[in-house]
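Read the structure below first, then the notes.
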Amino acid sequence: MKVYISATLRNFFGRNPVIEISENNIKEILDKLTDEYPEAEKILFDEEGNLRKFVQIYVGDENKTQKEFWSDEIKDNSEVLLLPAVAGGAPRESIISDDRRKAVFFDDSEVERFGRHLLLKDIGVKGQKRIKAARVAVIGAGALGSPVIQYLAAAGVGTIKVIDFDEVKLENLQSQVIHTSRDLNRPKVATAKDKVRNINRNIDFEAANVKLEADNIVSEIDGYDLVIDCSDNFKARYLINDACVLCKIPLVFGAIYQFEGQVGIFNLDGGPCYRCQFPAPPEPGLVPTCAEGGAISPLPGIIGSIQANEALKLIIGIGEHLDGKLLTIDSLYLTSKILKIKKNHSCPICSAGAGITGVEDFDYEEFCGLKEEEQEIPIEGYTPEELAAKIESGEPITIVDVREPHERAILRFPNAIVIPIGQLARRKNELNPEQDTVFICKEGKRSILAINTLREAGYAGPLYNLKGGVDAMKDIVFSHEGAWL
Amino acid sequence: MSEVILSREILRELEEIGKRAYPDEGCAILLGDTQNPGIKQVKELKNTADKELSKSFFQVNPIEILDIEKEKNAIITGFFHTHPDQRAVLSKEDEDYMIPGIIYVVMSIVKGSFADIRAYVKEPDCGGIREFDI
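Which chain is which? The protein sequence lines are A and B, in order. Mapping the first sequence onto the numbering used here, position 203 (from 1) lands on 310, and the numbers just tick up by one. Mapping the second sequence onto the numbering used here, position 132 (from 1) lands on 256, and the numbers just tick up by one.
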C-alpha cells in the first residue's frame, strides 16, 4: 500500500513523499506511521487523540478523514494520501451583526453625550452604534448588578433588562450602591429602573421582578445578545449557565467573596461553560453565602465594573476577551491571576453529546442540595419564640453556637457553648443526651449541617435546629438584658 | 528565521488576488524552489467555502494542493488568505488549520483596498504561534 505524504507534511515523515505500508486500513496505517515517525504523532493528533484539523486523509480521490471510515478495508492498488486541509476564517469581531449596527442612527444630543467614546479610534461611530443596538440582560440588581447596570446605561446600551425578585434591605446599602436609603423595601428592579432612566431616558429598560426558575428563565433571556450574571447563589448560577448554553447566549460571569472576586466569559462561540470548570456546586453549608460570608464595600464595584467592561468589549468587538478564562482578583493584596478554562468535551450541558437538553429537565434544587433530604430522623427545630419560651422557663437545655468567632463578636448568644462544626464529632461527649440540644447559627443552615454531622457520628440524643438562626431571633428580647451588644 | 521576505511583484500579486476576491476571502499557495527557499511564486487557489460563508471563511480542496505538488515539484513555503474588512489577525479557525513550520500570510482588505499584511508560523511542536516581520 502506497501512502503519499503531502509536501506540507513531509518534514515530519523523514521527508519521504511516499511510504510503503503493509497495513490496509486507515487506523492501522496511522498507527504504523506514528510508530515509525514518533514526532509525527504530536503533529497529527491533539492531546485528546483527535486528528488535527489541518490533516485530511484521502483514499484515491475520496475524502476518508472521518473516523467512521478508519476501519474500512482498503484495496491493495489504492493510494492513501495524507493531504493538508487549508482553511480558515476571519475573526468575528462583535456579537452585534453589521445589519443591526447599520440600522442605528444618532441625534445631536447623543453625539454630544457619547463624545468620549466617539473620540476613541477603537470605538468610534461603528462601536457606539453597536452599543446602542445591543440588548443585554443583567441578572441581579445587587452588589454586582449596581456597577454593571449603571455603566452599561452610561455607555449607551440600547436595551437593558434587569431581573431580580428581591427588595432593598438596610444591609444592602453597604455595597449595593444603586440603591439609597429612600429605596428601602422597594423592589430592586424599581430603583434600577429609576437610576437608568435618570442616566438616559432613551434607554429601553425592562424590569423583571421575578424569581428565576427552570420554567421561566428561557423566556426571560431569549433574544438577548448577552447575559451578565450578577447573582449570589449556586442554584442561580447553574440555571443561568445552562439556559445561556441552550439559548446560545454568551455569559459574563462575576462573583465576590470577602476580599476576592472573579470575572469570566462563558459560552462565547462554543467556548467552555461554567460547568466545564465547576461541574458541581460545593456541599450545602460548606461555603457561606454572601449574606453569611460578607464582602468589603468596593469589591463588587471593582468586579462589576470589569464585568461591564468585558460586556462592552464584546459588543464593540475590541481587545482581548476573558473568553474561557477566569480572572481572579485579591483586593486585599492587589494580586490577580488569569486562569484558562478547558472545554470539557463530556460536559453535561455544552458538549456535543450533552445529556441536558432543556433546563426544565434538570432538578437544580437537588443539584445544589437545597432540597431537604429524606432524613431517617427528620430535623426538628424551634422557632425563635419557642426557644425563648424554653429558656425563660428555666428548662435544662444545651445551646451550641456553631458560628465563626467574628460573627459571635457582633452578637453573642447568652449561655451558649461554642463548638465549631469541624470539631463537633470529636466533642460530642460535651453534650448531654438527657436534655435537648439546640444548634444556632446565623441563618439556620449551618446548624442543619451540624445536626447531620452529629447524627452521622453516632450521637443519639435529641437535637434541634434554631429555625432562621440568630437573624430571626433579633426581635426577641430576653429577660436577662445586657446580653446583646 | 524571524522574517519573511516578499518581493514587490509577489506583494502586488497577492494584493490583486485579495482585491479580485473581495468581498469574499481570497487564498493562494506560496511556492519556493529548491535553489532559493523563500517565496518565489504565487498560485491562486479556489475558495470552496459555501457562497454565504465565503466572506468570512475559506476552504481549499486538498486535491488542488495535491495537483500543484505533483505538477510543480516546488517547495510549498506557505499559504495566503485575506480577511475582507477585518484585521490581518489570526482567528481561532485560522490557528486550528495551521500546519507547523508552514508560513501563513494574512492580508487585510478593507473596502476593496489593501490595509495590512502579516505573517505567522506555528511552532513545530504545535505549541505557540509566532508572528514574522515582513
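Think of the CB as a built atom: it goes at the ideal place given N, C-alpha and C, for glycine as much as any other residue. Keep in mind it's a predicted model, so treat the numbers as computed, not measured.
Across the structure, residue 193 (chain B) and residue 154 (chain B) are spaced so that their CA atoms are roughly 12 Å apart. With respect to residue 123 (chain A), residue 108 (chain A) sits apart: the two C-beta atoms are not nearer than 8 Å.
A distance below 8 Å separates the beta carbons of residue 509 (chain A) and residue 527 (chain A). At least one CB of chain A lies nearer than 8 Å to the CB of residue 210 (chain B). Distance from residue 196 (chain A) to residue 217 (chain B) at the Cβ level is roughly 4 Å; contact confirmed, criterion being Cβ atoms closer than 8 Å.
Look at residue 406 (chain A) here: in three-state DSSP terms it is helix. About 4 Å separates the beta carbons of residue 229 (chain B) and residue 204 (chain B), which is inside the 8 Å limit, making them a contact pair. Annotation: residue 322 (chain A) has no Cβ neighbours in chain B at a cutoff of 8 Å; minimum Cβ distance is about 35 Å. Every alpha helix (DSSP H) stretch that sits fully inside the region 166-225 of chain B and reaches 4 residues is listed by chain position as 186-196, 216-220.
Burial state of residue 210 (chain B) is buried, judged by a 10 Å Cβ sphere holding 16 or more other Cβ atoms. Look at residue 203 (chain B): its C-beta is under 8 Å from a C-beta on chain A. Under DSSP, residue 247 (chain A) forms no beta bridge with any residue. Between residue 418 (chain A) and residue 259 (chain A), the gap from beta carbon to beta carbon is short of 8 Å.
Distances from the alpha-carbon of residue 236 (chain A) to those of A:246, A:245, A:243, A:225 put A:225 closest. The C-beta of residue 222 (chain B) comes closer than 8 Å to at least one C-beta of chain A. Rounded to whole angstroms, the Cβ separation of residue 166 (chain B) and residue 134 (chain B) is 6 Å, and the two are in contact under 8 Å.
Chain A places a beta carbon closer than 8 Å to that of residue 183 (chain B), counting this residue as a contact. Pairing residue 267 (chain A) with residue 288 (chain A), the inter-Cα distance amounts to about 24 Å. Contact of residue 131 (chain B) with chain A is not assigned, every C-beta pair being separated by 8 Å or more. At a cut-off of 8 Å between beta carbons, residue 186 (chain B) contacts chain A.
The C-alpha of residue 141 (chain A) is placed about 17 Å away from the C-alpha of residue 223 (chain B). Beta-bridge annotation (DSSP): residue 229 (chain B) is paired with B:204, B:243. In the displayed model, residue 170 (chain A) falls within a strand according to three-state DSSP. DSSP, reduced to helix, strand and coil, places residue 237 (chain B) within a strand of the structure shown. By the rule that beta-carbons nearer than 8 Å mark a contact, residue 180 (chain B) touches chain A.
Taking 4 residues as the minimum length, the alpha helix (DSSP H) runs contained wholly in the region 455-532 of chain A are 471-474, 491-499, 512-517, in order along the chain.
Residue contact with chain A for residue 139 (chain B): absent (no Cβ-Cβ distance below 8 Å to any residue of chain A).
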